[in-house]
Amino acid sequence: MITRRFLPTIALILSGCAGAHESYPSLAKRPVESAPMAEAPAAPIPQPADDKLKAQIGQLTSQAQSGGAHFDKAYASADRAVNSAGRASVSSDAWVAAQVAISAAEAARNDSVSALASLDTLFIERSNAVADGSEKGGVADIDAARASVLSMVDSQNDRIDALKNRLPQP
């Protein structure tokens, strides 16, 4: 009885194997696969920045360093405020004063963050101009300045986060 139930199923399965042979594509190598490969063009040699770009990079780097100096002063004040509010309860006067000092430190780093954003924009614009052929170089100079300022901003972020972690959270 069980065999009678499975007989139609077995017949369907076997009929799938008995289909007509179709012509499948050949696995032989095609002519296009035997064609010689073209050489990749040589990478362009990076060109140094022109004087105008160097001045712009210098101005943005100076702006970032100025922001770093302002941040360091505000950070010292915030660090003292956080130390004095070390075990204070949330919303106490010392805790609020520490939060205000941390906010002042965050605001003091605006020049650094703004300089980083400007360097990012300059990097993208110069990269596009070099790719279009309208400019010759300077991308590496911008990238080096950008990496330096990014390191400074990351350090500032880490220091602010450390201050916030030392205070009790609501």
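For the sequence shown, the residue numbers in mature numbering (1 follows the signal peptide of the UniProt record, and there is no 0) are -20 to -1, 1 to 150.
Every residue, glycine too, gets a C-beta built ideally from N, C-alpha and C.
All of these numbers come straight from a predicted model, not from anything done at the bench.
Residue from the options with nearest C-alpha to residue i
i    : options                   : result
R126 : L102, Q136, S135 and D141 : L102
A56  : A44, A77 and A85          : A85
Through-space distance from residue j to residue i, alpha-carbon basis
i    : j    : result
R106 : A29  : 10 Å
D91  : Q36  : 15 Å
A88  : A142 : 17 Å
S83  : G113 : 45 Å
M132 : E115 : 29 Å
R10  : Y4   : 15 Å
K34  : D52  : 27 Å
P16  : V110 : 31 Å
First and last residue of the uninterrupted alpha helix (DSSP H) at residue i
i    : result
R146 : V119 to R146
Y4   : Neither: Y4 is in no alpha helix (DSSP H) and is coded neither H nor E.
P11  : P11 to S14
R60  : D31 to S64
R106 : N90 to D112
Distance CB(residue i)-CB(residue j) smaller than 9 Å
i   : j    : result
A95 : G47  : yes
V70 : Q136 : no
A78 : A61  : yes
Q.
Whether or not the stretch 104 to 120 and the stretch 61 to 77 are in contact is what I'm after, with contact meaning three or more pairs of Cβ atoms, one per stretch, closer than 8 Å; do they touch?
A. The stretch 61 to 77, when compared against the stretch 104 to 120, does not touch it at the 8 Å Cβ threshold.
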